[in-house]
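First residue of the sequence shown? That's 193 in our numbering, and the numbers climb one at a time after it.
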Amino acid sequence: MNRKVKTARLSILSNSLLILLKVIVGIISGSISILSEAIHSFIDLVAAGIAFFSVRISDTPADDRHPYGHGKFENISGVAEAALIFIAAIWIIYEATKKILNPNPVEVIGLGIGVMLISALVNVFVSRKLYKVAKETDSIALEADALHLKVDVYTSLGVAVGLILMLIIKNFTKNPLVHYLDPVIAILVALMILKESFNLFMKAYSPLLDEALSKEEIAGLKEMIEKHCSETVKYHGLRTRKGGNFKYIDFHLNLPPNLSVKEAHEICDIIEEDIKRSMKYVEVTIHVENF
């Protein structure tokens, strides 16, 4: 089992445990903000499951039906995860609005604070692991999963702070407005989740349209190619795109007509090896032309 699959499995296990804890405490306390966090963790679990299967599929070799490989399965999973996050956020806002209209007291606040802090600590560890492997393997699916958990850290801490304020207000001021704090926190959590879903959608969707690599990557690529150019060696028609963690690069290389096929091939090999030393997970196609 490769590193991406193992890391995706870790995310599934951690999210399953956190959902169980949050649902139990959310029901006992009656806190909509804790239940909203349970829903968020459930979406994270679904996302982790999608990431797990997408990285397994994306790493399978190219075949007759998919000659460019299966990398875009990771992008499709990212789009699906973004849609799930959006739906969850809308549901949280709906439930929180109902509670604002019909406020209920939150009980066993201390237990809720403990669960939120445990959730934040667990997700800090797992998200860092996911980000590390995502960067090393250039996996959009794992990066999306890590982003979910990173947001979950902030939202869990936000809910914990809100519950602490509720505890203080409840014990020292007896202010009846304390019952409105819980659904308001839930709505703030949902707004953060909506922003997360939009950012993830844009990042995952762009490669499905064969969008070019970033300006920085293209600038570095041009610099590498131009090192091998001269008065008799020119290039044009540079094109780039990305599918999953693989980058696809092709361009035309103009060479003198007196070169043999072997000599032309050697020049192309040198340029290709130079690019592959600087960029991970890349496939280069060079079209040779005569001046």
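Backbone N, C-alpha and C define an ideal beta-carbon position, used for all residues, glycine too.
Item to complete: Could you pull the start and end residues of the alpha helix (DSSP H) that residue 457 belongs to?
Response: 453-470
Item to complete: Please confirm if the stretch 267-283 is in contact with the stretch 319-327, defined as three or more CB-CB distances below 8 angstroms between the two stretches.
Response: No, because fewer than three Cβ pairs between the stretch 267-283 and the stretch 319-327 fall closer than 8 angstroms, the two stretches do not touch.
Worksheet item: Since residue 385 sits in a beta bridge, which residues does DSSP pair it with?
Response: Residue 385 is not bridged to any residue.
Item to complete: Provide the residue(s) that pair with residue 428 in DSSP beta bridges, ordered along the chain.
Response: 444
Worksheet entry | At least three beta-carbon pairs within less than 8 angstroms, the stretch 331-342 to the stretch 251-270 | yes
Practice prompt. Just the C-alpha distance for residue 440 and residue 212, rounded to the nearest angstrom, thanks.
Written response: 43 angstroms
Discussion item. Which of the three DSSP states is assigned to residue 433 in this structure?
Written reply: strand
Worksheet item: Under three-state DSSP, which class holds residue 423?
Response: coil
Worksheet entry | Buried versus exposed call for residue 531 [16 or more other C-beta atoms within 10 Å across all chains shown] | Missing from the structure shown is residue 531; the chain here goes from 193 to 483 and no further.
Fill in: Assigned secondary structure, residue 252 (DSSP; H/G/I helix, E/B strand, else coil)
coil
Worksheet item: Okay, do the stretch 393-403 and the stretch 237-254 touch, 3+ Cβ pairs below 8 angstroms being the bar?
Response: no
Worksheet item: Relative to the C-alpha of residue 430, which residue among 449, 409 and 256 is closest?
Response: 409
Item to complete: To the nearest angstrom, report how far apart residue 377 and residue 351 are at their CA atoms.
Response: 6 angstroms
Worksheet item: Just to confirm, are residue 210 and residue 314 a CB contact at a threshold of 8 angstroms?
Response: yes
Discussion item. What does the alpha-carbon distance come out to for the pair residue 256 and residue 292?
Written reply: 57 angstroms
Worksheet item: How long is the line joining the alpha carbons of residue 447 and residue 456, rounded to whole angstroms?
Response: Each residue's CA atom was taken as its position, placing residue 447 and residue 456 some 7 angstroms apart.
Practice prompt. Determine, using beta carbons only, whether residue 304 and residue 221 come nearer to each other than 8 angstroms.
Written response: yes
Practice prompt. Compute the beta-carbon to beta-carbon distance between residue 308 and residue 348, rounded to the nearest angstrom, for a pair I have assumed lies under 8 angstroms.
Written response: 5 angstroms
Item to complete: Measure the beta-carbon distance from residue 427 to residue 445 and round it to whole angstroms, keeping in mind my assumption that it falls under 8 angstroms.
Response: Rounded, the Cβ-Cβ distance is 5 angstroms, consistent with contact.
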